[in-house]
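A.B. asks: Let me begin by handing over the structure; questions about it come next.
Chains as they are written, first to last, in this note's numbering: chain A, 713 to 1099; chain B, 713 to 1099; chain C, 713 to 1099; chain D, 713 to 1099.
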């Protein structure tokens, strides 16, 4: 695909030393050479922020102690210097504020998932995005995998027939012990309702699973029945849950999310069954898409620039020939690349390929509605609740 | 293990030409050379019954047109000639009658699952078994796999710690088209409430999944919430469903059973997570048990007489060294072998190894209670229902 | 497929208590209900022979202390009583004598592989088979797997185009320690040139690999270059080796056989590449055949009576629907079933389906020539040697 | 690990539009944010070179039509502007000249494999590296995978005991048709002796396999016997081959390399067997290392920053927690990162962690000696030839 020659400039909020996802965002932004990090407020700890900035090669003048100062400071810089977009990689409760401020200041925004901590915040962000016309990317990064793109293209084109059933599972084991009590930074904020919001595992990974189901099928969940469990003693938020999904097209689904599935790494998988066939994808072996056909044929599609049979959507998100595994960072980078290309197109007043896209504010609002419904259903004895 | 030198004699009801499961029962009974088929009423079609009997090498005098005649006729033969047990491999609605009659006539019984079509029938059979003292085996054959035995031994010995979560899935695709309308014999009776009972997929395969979850964990489901779907238009009984399980020990579980998962063969899998580790088993690759430990180590246990680390229970149910795959028939044969050895021990008045066992009438009653609860919950908007 | 109603009678030489392969032969013979064991000389140890006979339910009169006595004794019984065939499951050096005697006495013969211990013995047996007109089955049991049949059918029908390359590997680890010195019965005779013959691993498992390559491709090895290694100190015969194969059709191949591949179970795999595609089969997951097409499509074929796309040959050797794993014993049983059906056809003077076949004396001679050439090449610095 | 704050500057020779490996090198160099591309001579086609430079955001003044002009031109720039190193990603015959010139001009060098086209060139380059003291990285990129690092650490530490056997296979199918005749750029030069050198598949992928075997085992091949085949009609160089390896420590090995294994993607695997265990790694599923122990235990090690049990070497080359697949680019990037860190250390006069390393000129010379010996052996009827 053709690229322009400009570079897109990025600022970052959060992601200082010790952050898990901050470095992933930076690697993803760098991979394709379209985006340069130009400023950051990497931590509420001034020393950490400064150290991270230095390591990233930023001048001290563009490393800030708070996100408020960064947005204020960068806004004063000339347009050709200040960042095109701000990437927000803070805990859930610190998405809304920076995102809203950045949008209002005229910056595009990339925001880690889930969008925020309430439907109200989400809808306000949506209104802000709509009003400001700024671009907004929510990093539901699993949608960036080529084989997820391929699945979406096939399913929405009707290749497996009318879809009937989706089973999506996201199993992790890292919270099977109360590591939040022994100082695990990732666990501490995720298990704290003040920072994580109304849900735990369901917010952290359930929203990924929910998004993946809606993304691949192109269908919308209308109702759900949920059962959320707090399995490790002393934990306030859910660390495990099962949700029955009812989609608008009549399809049903089951969503499992657990962070107490002891020994599981990051086991996200989805199975979609239609009248004519089934499609299976597993994140831990992401380069294979398994197609099951109603006449029992089994077929494997594989990530690879040269793989015949994969459609245009997958090809646009693939970098190397088949057999050279593409991984998590490459998929994540697809979101950043697409976002950068959209910014370029916008800046240059050009049309852009609509396949070069990314999850946005809409997906963020959906996620928050999903969480609200799941928590409500679980509290009311798993009754069916509409979204 | 030591075996006696007597042969156990078997009669069969059902399983004539065109039967899927009849030949499997016969191969399973033959494999270890402990059991001889001596009589049968293989079909309600007299010609089919006769042809099957001839093919099995039975004298015409011991091939009957009806099960009633067989039980009556064989009862008149001398004890050293008549069968020790009757194997019942008919549709669900034809389990109760023959089983009850056979028990009352003094025969031991092997019966295909599910036990029957109502809790009332099940409890009456249980009373009959208790009163007559006859042995009863319900062919929940998946419990016969060595690695299922190994999983049970490890889980019940506490090797993965307090168990918290079980996820069991049974996915098939063969009913994704309305094949009952195009003459598929297996589909015709399974989709007919008069012959299958109150449930479809949940009875046919859901009871296997339910049994497997209780068998491996050694825990008892006390409550459930179910959502059963009839996805293929025109189908009265469920062909798909999800059940949330609550176990007596506080553990939760999720059970999926679908026969409209297009393209799936016979994909039964179970994952059990405890405080210290997780255990995964898949029926389609049955010789591997995957152990996930809380410290992230991943270990594979493999079926094989020489595999160190597998416990006594698995060893007792394994025939060949590791790397020589044991399959479905071998697992099925483990039930028959164990049943035959129990009959021998009983006949010879000897004690027998309690590890040489098989699912029985109790498991049959559990299955019927599971179905009753699942159907009730689903009809009442997925409310939690106690078993 | 139609079967006659007669039962085929089998005698056995070798396979007493402690034998690995004896019980496998008996299970395989029993599985389909076509064959009854009627006599045996199970061990040179009279007590063991007697105990095994008793366990198998044989009358004492038909359990013999030596194979010579068995052949003599059974030959005197009426035709309708004496065995149709003799199964020989002794160490390699004890194949020729019993096989020859059995054939001369008018019995058909099943013989474990390798056929014997020299090309001379092999050719003499071939002459005997030809002269007596008796049926002879050599248990290269891996050819009994449905997916091996399918591979052969596809390859010989040209579906993957002109074949160019075959890679066959047979990796085991059980001889990685000198277990023959610590009493492992299987290892003792296999590492003893007097009983095993001129080769060790190459005879024990290399001949299987060689047979599989010739069987699936339908092509004949004409020349080879070999390098045999005796890796464990003190071992006289090879326990590891690599052979370059040249086939008559111009195709080349590589054969690896090792019994010191520490930790490997019974890892036999074969890959065949043609102009249009490749075919991969692994014995440890025998129910899947992977097809790689030149346009990069990957397709899985699966064992199962109902699997569309598999050809007639595979279907004839499959017992249950897809997803119900068939294993080692089922594949082994396919040889016994086919052999029994050929005996029936011969006895009844009927034509039989030529697809219902089994490896025979020809394959035995090929195996001995392969071993002779491999040993010769290795001794002469891996020079190319013709078969 | 700590990083300095300087950026390393890179120039590139080759890798213009249409290049396969050029973009991979650039992504790999970018991923960790340590290296900036500052100049290039991307193609002998002036327009292509210019277009690539523009796309990479380079000023026109630093995009050159020939590598000679680039080296000359950049040498005149001030030290703080000109590149620290030159990356050479041209066909094999265009490695020696640019590499030698760059070294002589004082630049460090990264060079694609194989090093060059003769042992003479290789030894001259080695002399040049030694004399100039410049750093030299040969991109045997598969050594960059964390699980390859882990395998090396375990094997060289003796964890699987004295090593006995290595089996390394590299199977591709993309040359199974004569695509060099239909304009495939990659195939054209690789099948042309003038540009590829004395070997085809063995040079292109066999050297990777050879390097991997020596890298993981830490042992040196002393002799080999090879059989190289030109399977596709009309091809001068080998497109397939098998090599028997003899290592200095007594270990034997088998190396297969084929580019006519129809349907194979990029199937590189290695199996190493020692007295105590075996280690298996497959490039297409690179995040798993399978350990087979002599007592039959099977254990999986997994890439992941948090995976206990993996050693320091793997940890230093891992970016994200287990379950988030790292792929080909990440492994490639490990070479670039290590090279950049070594340059930084050298520039700053600091000691560096010797685990932060990369394949160098020595590996390049080994590869050329391997090719020379393999071609010689094959031409002389597979005789054993010493390296």
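Ideal placement from N, C-alpha and C gives every residue a C-beta, glycine not left out.
Because the structure is a prediction, the values reported are computed rather than measured.
1) Any C-beta of chain C within less than 7 Å: which residues of the segment 966-977 of chain D qualify?
2) Straight-line CA distance for residue 910 of chain A to residue 987 of chain D?
3) Does the segment 916-931 of chain D come into contact with the segment 1088-1098 of chain D, if we say contact requires no fewer than three beta-carbon pairs (one atom in each stretch) closer than 8 Å?
4) Three-state secondary structure (DSSP) at residue 1094 of chain A?
5) Along the chain, where does the beta strand (DSSP E) containing residue 841 of chain C start, and where does it finish?
6) Comparing alpha-carbon positions, which option in B:920, B:753, B:763 lies nearest residue 855 of chain B?
7) Check the Cβ of residue 1091 of chain B against every Cβ in chain A and list those closer than 9 Å, keeping chain order.
8) Pull out every residue of the segment 942-957 of chain C whose Cβ sits closer than 7 Å to any Cβ of chain F, in chain order.
9) Helix, strand or coil for residue 898 of chain A per DSSP?
10) With 8 Å as the threshold, decide whether the Cβ of residue 915 of chain A is near any Cβ in chain B.
11) Give the DSSP-derived three-state secondary structure of residue 911 of chain D in the structure shown.
12) Does DSSP classify residue 1011 of chain B as helix, strand or coil?
13) Roughly how many angstroms separate the alpha carbons of residue 753 of chain C and residue 730 of chain C, rounded to a whole number?
14) Is residue 695 of chain D helix, strand or coil when you go by DSSP?
15) Determine the burial state of residue 824 of chain A: buried for a count of at least 16 other Cβ atoms within 10 Å of its Cβ, exposed for fewer.
16) Kindly list the residues whose CB is nearer than 8 Å to the CB of residue 917 of chain A, restricted to its own chain and excluding five residues on each side of it in sequence; keep chain order.
17) May I ask you to report which of helix, strand or coil DSSP gives residue 778 of chain C?
18) So, using beta-carbon positions, are residue 937 of chain D and residue 951 of chain D closer together than 8 Å?
19) Is there contact here, the segment 765-781 of chain D with the segment 731-750 of chain D, by at least three beta-carbon pairs under 8 Å?
20) Verify the CB distance criterion: does residue 1097 of chain C have a CB-CB separation below 8 Å to chain D?
21) Contact defined as beta carbons within less than 8 Å: I believe residue 828 of chain A pairs with residue 808 of chain A. What is the distance between those atoms, to the nearest angstrom?
22) Taking the continuous alpha helix (DSSP H) assigned at residue 772 of chain D, which residues delimit it?
23) Between the segment 986-1019 of chain D and chain B, which residues of the former have CB atoms less than 9 Å from a CB of the latter, in chain order?
24) On the CB-based measure, 16 or more other CB atoms within 10 Å of its CB, does residue 843 of chain C come out buried or exposed?
25) Please report the straight-line C-alpha distance between residue 714 of chain B and residue 1006 of chain A, rounded to a whole angstrom.
26) Going straight from the alpha carbon of residue 796 of chain A to that of residue 850 of chain A, what length do you get?
27) So, does the segment 1043-1059 of chain A touch the segment 1012-1027 of chain A, judging by three or more C-beta pairs under 8 Å?
28) Of all the options A:744, A:735, A:1080, which has the alpha carbon lying nearest to the alpha carbon of residue 738 of chain D?
29) Roughly how many whole angstroms lie between the Cα atoms of residue 1067 of chain C and residue 1037 of chain B?
30) Distance, Cα to Cα, residue 1085 of chain C vs residue 1097 of chain C?
31) May I have a chain-ordered list of the alpha helix (DSSP H) segments no shorter than 4 residues that lie completely inside the segment 1030-1081 of chain C?
32) With a CB to CB cut of under 7 Å and the five nearest residues on each side skipped, what residues in its chain are close to residue 868 of chain C?
33) Would you list the residues sitting across from residue 877 of chain A in a DSSP beta bridge?
34) Excluding sequence positions up to five away, which residues of its chain have a Cβ less than 7 Å from the Cβ of residue 1079 of chain A?
35) In the DSSP assignment, find the unbroken beta strand (DSSP E) run with residue 1027 of chain C in it and report its ends.
36) How would you call residue 765 of chain A, buried or exposed, if buried means at least 16 neighbouring beta carbons within 10 angstroms?
C.D. replies: Reading off the structure:
1) 966, 968, 970, 972, 973, 974, 975, 976
2) Within the first chain, numbered from 1, the residue matching residue 910 of chain A stands at position 198. Within the fourth chain, numbered from 1, the residue matching residue 987 of chain D stands at position 275. Near 55 Å, if we compare the C-alpha coordinates of residue 987 of chain D and residue 910 of chain A.
3) no
4) Locating residue 1094 of chain A in the first chain gives position 382, where the first residue counts as 1. In this structure, residue 1094 of chain A counts as coil in the three-state DSSP scheme.
5) Reading the third chain from its first residue, position 129 is the one you call residue 841 of chain C. Secondary structure note for residue 841 of chain C: it is in no beta strand (DSSP E), and the uninterrupted alpha helix (DSSP H) holding it is 831-844.
6) Position 143 of the second chain holds residue 855 of chain B. Answer by Cα proximity: B:920.
7) Counting from 1 along the second chain, the entry for residue 1091 of chain B is found at position 379. Near residue 1091 of chain B there are no residues of chain A at all, since even the closest Cβ is about 14 Å away, more than 9 Å.
8) Protein chains A, B, C and D are contained in the structure displayed, whereas chain F is not.
9) To locate residue 898 of chain A, count along the first chain from 1; it is residue 186. The answer is helix: DSSP assigns residue 898 of chain A an H, G or I state.
10) Translated into the one-based positions of the first chain, residue 915 of chain A becomes position 203. By this cut-off, residue 915 of chain A is not an interface position.
11) Here residue 911 of chain D is taken as the residue at index 199 of the fourth chain, counted from 1. If DSSP states are grouped into helix, strand and coil, residue 911 of chain D belongs with coil.
12) Taking the second chain and counting its residues from 1, the one referred to as residue 1011 of chain B is at position 299. In the structure shown, residue 1011 of chain B sits in a strand (DSSP, three-state: E or B).
13) Along the third chain, one-based indexing puts residue 753 of chain C at 41. Along the third chain, one-based indexing puts residue 730 of chain C at 18. For residue 753 of chain C and residue 730 of chain C, the distance between alpha carbons rounds to 14 Å.
14) Outside the modelled stretch of chain D, which goes from 713 to 1099, sits residue 695 of chain D, for which no answer is possible.
15) Locating residue 824 of chain A in the first chain gives position 112, where the first residue counts as 1. Sixteen is the threshold: when 16 or more other Cβ atoms of the shown chains lie within 10 Å of the Cβ of residue 824 of chain A, as they do, the residue is buried.
16) Locating residue 917 of chain A in the first chain gives position 205, counting from the first residue. For residue 917 of chain A, where only same-chain residues beyond five positions count, the Cβ hits under 8 Å are 882, 884, 969, 971, 980.
17) Along the third chain, read from residue 1 onward, the residue named residue 778 of chain C stands at position 66. In this structure, residue 778 of chain C counts as coil in the three-state DSSP scheme.
18) Taking the first residue of the fourth chain as 1, we reach residue 937 of chain D at position 225. Taking the first residue of the fourth chain as 1, we reach residue 951 of chain D at position 239. Cβ atoms of residue 937 of chain D and residue 951 of chain D: not closer than 8 Å.
19) yes
20) Along the third chain, read from residue 1 onward, the residue named residue 1097 of chain C stands at position 385. Not one chain D Cβ lies under 8 Å of residue 1097 of chain C.
21) Along the first chain, one-based indexing puts residue 828 of chain A at 116. Along the first chain, one-based indexing puts residue 808 of chain A at 96. Rounded, the Cβ-Cβ distance is 4 Å, consistent with contact.
22) Looking up residue 772 of chain D in the fourth chain gives position 60. No alpha helix (DSSP H) contains residue 772 of chain D, which DSSP labels as neither H nor E.
23) 1000, 1002, 1007, 1008, 1009, 1010, 1011, 1012, 1013, 1014, 1016, 1018, 1019
24) Position 131 of the third chain, counting from 1, holds the residue named residue 843 of chain C. Answer is exposed; the Cβ neighbour count stays below 16.
25) By 1-based counting over the second chain, the position of residue 714 of chain B is 2. By 1-based counting over the first chain, the position of residue 1006 of chain A is 294. Interpretation of residue 714 of chain B is limited by its pLDDT of 46, a score under 50 that renders its predicted location unreliable; no figure is taken from the coordinates.
26) Locating residue 796 of chain A in the first chain gives position 84, where the first residue counts as 1. Locating residue 850 of chain A in the first chain gives position 138, where the first residue counts as 1. Cα to Cα, the separation comes out at about 16 Å.
27) No: the two stretches stay apart, fewer than three of their Cβ pairs being nearer than 8 Å.
28) By 1-based counting over the fourth chain, the position of residue 738 of chain D is 26. If we check each option's Cα against that of residue 738 of chain D, A:744 comes out closest.
29) Translated into the one-based positions of the third chain, residue 1067 of chain C becomes position 355. Translated into the one-based positions of the second chain, residue 1037 of chain B becomes position 325. About 25 Å.
30) Residue 1085 of chain C sits at position 373 when you count from the first residue of the third chain. Residue 1097 of chain C sits at position 385 when you count from the first residue of the third chain. Cα-Cα distance, rounded: 6 Å.
31) As far as the segment 1030-1081 of chain C is concerned, its whole alpha helix (DSSP H) runs of at least 4 residues are 1040-1059.
32) In the third chain, counting from the first residue as 1, residue 868 of chain C sits at position 156. The residues are 930.
33) For the purposes of this step, residue 877 of chain A is taken as the residue at position 165 of the first chain. Paired residues: A:964, A:985.
34) Taking the first chain and counting its residues from 1, the one referred to as residue 1079 of chain A is at position 367. Result list for residue 1079 of chain A: 825, 826, 827, 919, 922, 923, in chain order.
35) Along the third chain, read from residue 1 onward, the residue named residue 1027 of chain C stands at position 315. Careful: residue 1027 of chain C lies outside any beta strand (DSSP E), inside the alpha helix (DSSP H) at 1024-1027.
36) As a first step, residue 765 of chain A is located in the first chain; it is residue number 53 there, counting from the start. Buried: at least 16 other Cβ atoms inside 10 Å.
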